[in-house]
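Heads up: the structure comes next, in structure tokens.
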Amino acid sequence: MSKEISRRDFLKLAGLGTTGFLVSGCAIENRAISTEKAPKLPTGIALPPTKLAPTKPTPTETKEAKQGILWTLELLFSSKKREAFFTNQDKLFLATPEGYPAAFNLATGKKLWQWEERGIVYGAEPETVYMVRSDKRLYALDTQTGQTKWKVVPGASDSIEVSFPMMIGKQTVHLRFEDKGYCLGCSSFLSIDKKTGQILWWENSPNRSFFKYYIQSESTIIIVPYGYASAQDYVRGVDPTTGREKWALEEGVFPFPGGIGHVDALANIRKAHFTEDRLFCRRRIKTGSGTTDDTSVITAIDLDSGKEIWRSESKGKNQYEPSYEEVISVSPTAVYALCSTGFRQESTWLLIALDRQTGEELWLGPDMHHVWAQMREVSGWDLVGEIEGTAILSNENLGYTHGIDVASGKERWENDDLRISHLVGISKNTLIAEYNNPDSSPPFLFGLDPATGGRKWRLELSQVTHEAIIFHDKVIYGNGRALTVLDPETGALLSTIPLSDQPTRLVPQKDFLLAQSKGNLSAVLV
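Numbering (UniProt numbering), first residue to last: 1 to 526.
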């Protein structure tokens with residue numbers, strides 16, 4: 001089953017922020033703490049072995065059944081940290097309702113160990129799980145024993161929080177700090193060696209007008225200025241281990257030049273798209289010395305080197321020819337962007353598809369739904385997503401949905417009585433799609449023929465509490481305080497699995513689903 005690429009696949013940016021911090025000597029030294037003896041640090045301070053608190057028996061519910069709940073655990077739930085648990089190959093890590101990080105057997109729900117200090121799990125790898133204590137100290141614990149490997153002590157004030165979750169790279173981990181009173185971004189960033197806990201580098205900004213956002217690719221940390229960035233404050237790519245600048249996007253300031261010397265880069269970065277190795281965005285490039293001598297381009301940038309891989313210039317030489325507005329989606333084969341023709345509110349916005357590898361124009365699509373100047377909504381088509389070489393476009397007002405061949409731009413099918421807003425996937429030769437508009441009830445779930453767009457079945461949904469997913473060739477969605485399981489080919493009800501509360505997160509595992517219902521986590525066999 002191909003993976004759906006749609007607007008929902010936009011990369012989410014973490015909220016960040018604050019000013020500087022101090023770090024303890026024990027964190028700066030290149031060292032790893034033994035769990036058996038307490039070696040003396042260069043500062044003369046000995047770190048005693050971690051003592052694990054006695055573990056209480058964990059209540060579990062086990063059923064010898066082909067479907068149902070295998071076990072249920074209680075966990076500390078926070079609306080700001082909804083991803084309250086992490087998994088590795090065979091273990092589950094979460095904070096208990098009392099606030100103690102603990103490890104559990106993923107298959108059985110049995111508690112393996114519990115940390116002696118209160119804290120929040122911020123990330124996990126096969127051999128290391130990372131905890132942040134209430135005083136903002138970062139601890140790296142052994143996943144097998146819960147023993148401390150190393151710790152880092154930032155001297156942050158009470159008004160400063162560690163942004164959740166942390167960033168984990170190949171050789172480094174990174175903490176971002178945000179100010180509770182300011183939601184503008186991050187002004188403190190810390191890079192730590194994963195093996196030793198040694199601080200490699202950090203970056204501070206004393207001015208709250210110059211908060212930054214940090215995004216991690218395979219080999220580069222991308223630093224994006226926010227707010228009223230100075231002419232010298234470009235988007236930069238830095239080495240994760242040294243903090244040295246690898247490249248900077250100076251041309252036109254990123255991703256749009258302000259024309260007046262100031263750029264709200266955060267608002268614009270949301271219109272850019274990051275993949276594992278590339279950045280796709282719309283920029284305006286100066287073509288002359290005049291204030292209007294510029295042109296809009298869609299560009300692909302290599303995140304490792306910062307070099308431009310390709311550039312597609314819009315053909316618009318005047319207000320009535322197409323001019324690029326923004327990138328809206330990136331699939332394995334195409335880059336989808338909006339381009340406008342006309343002047344101001346009378347302009348028409350069209351969909352254009354570019355080849356992802358070369359930037360060559362594949363086809364120009366229909367009038368698109370958009371909001372002009374963030375004020376007036378203009379009706380039109382929406383790009384729902386791409387699946388198995390077909391771009392799906394749906395029109396809310398007309399009630400039409402089209403399937404477009406990505407390579408040629410030719411129409412594969414048309415359904416003149418179908419509105420959809422989300423592609424779930426394909427299972428048993430059936431395309432599963434949803435329609436859910438808060439301003440237009442009720443929501444629907446559809447099973448469609450992927451070749452013709454014809455409807456196989458339709459289900460009106462009464463209370464959707466989690467969008468549909470496909471797991472083990474079954475369609476599963478949150479229905480009130482339960483999971484409803486459907487056959488994808490017919491839409492027939494297979495089962496209903498009650499939960500303790502409305503599902504807030506579904507995470508597929510090899511043999512079962514992890515279903516979080518606020519403060520409860522269940523392993524569900526479907």
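All residues carry an ideal CB built from backbone N, CA and C; glycine is no exception.
Annotation: Asn415 to Asp367 spans about 18 Å, alpha carbon to alpha carbon. Judged by pairs of C-beta atoms under 8 Å, the stretch 508–525 does not touch the stretch 456–464, as fewer than three such pairs exist. For secondary structure counted as the beta strand (DSSP E) over 3 or more consecutive residues, the stretch 104–164 holds these complete runs in sequence order: 111–114, 119–124, 128–133, 138–142, 148–152 and 160–162. The beta carbons of Thr504 and Ser517 sit about 7 Å from each other, so the pair counts as a contact at 8 Å. Under DSSP, Asn88 shares a beta bridge with no residue. In the structure shown, the three-state DSSP call for Asp277 is coil. Only residues of its own chain outside the window of five on either side were considered, and among them Thr299 and Ile301 have a CB closer than 6 Å to the CB of Glu308, listed in chain order. Contact between Pro97 and Leu112 is absent: CB atoms are separated by about 18 Å, not below the 8 Å threshold. The beta carbon of Pro322 sits closer than 8 Å to those of Ser314, Lys315, Gly316, Cys339, Ser340, Thr341, Leu350, Ile352 and Leu364, all from its chain and outside the five residues before and after it, given in chain order. By the C-beta density criterion, Lys149 is buried, having at least 16 other C-beta atoms within 10 angstroms. Under DSSP, Pro488 forms no beta bridge with any residue. Taking every protein chain shown into account, the CB of Ser427 has 16 or more other CB atoms within 10 angstroms, so this residue is buried.
Counting other Cβ atoms within 10 Å of its Cβ, Asp382 reaches 16 or more and is therefore classed as buried.
Pairing Ala84 with Ala102 gives a Cβ-Cβ distance that is not under 8 Å. Val121 and Leu92 have their C-alpha atoms spaced approximately 11 Å apart. Burial check for Ser379: the Cβ neighbour count within 10 Å stays below 16, so the residue is exposed.
Lys456 places its beta carbon less than 8 Å from that of Thr430. Glu161 and Gln114 have their C-alpha atoms spaced approximately 24 Å apart. Contact check for Ala334 against Arg356 passes: the beta carbons are separated by less than 8 Å. In this chain, the beta strand (DSSP E) harbouring Lys456 covers Arg455 to Glu460. DSSP links Pro101 through a beta bridge to Ala95.
The beta carbon of Glu117 sits closer than 6 Å to those of Arg133, all from its chain and outside the five residues before and after it, given in chain order. In this structure, Ile470 lies near Gly425, with their beta-carbon atoms less than 8 Å apart. Secondary structure remark: continuous beta strand (DSSP E) runs of at least 3 residues inside the stretch 325–352, in chain order: 334–341. CA-to-CA, the gap between Asp405 and Val384 works out to about 14 Å. In summary, Ser440 is exposed, with fewer than 16 beta-carbon neighbours lying within 10 Å of its beta-carbon over all protein chains present. In this structure, the CA atom of Ser408 is about 26 Å from the CA atom of Glu276. Per DSSP, reduced to three states, the secondary structure at Ser305 is coil, with no helix or strand assignment. DSSP, reduced to helix, strand and coil, places Pro503 outside both helices and strands of the structure shown, so it counts as coil. If you compare the alpha carbons of Arg419, Val238 and Leu303 with that of Trp201, the shortest gap goes to Val238. In this structure Asn397 is exposed. Its beta-carbon is surrounded by fewer than 16 other beta-carbon atoms within 10 angstroms.
Ala391: member of the beta strand (DSSP E) spanning Thr390 to Asn395, first to last residue. In the structure shown, the three-state DSSP call for Tyr234 is coil. When rounded, the separation of the alpha-carbon atoms in Thr390 and Ala140 is 45 Å.
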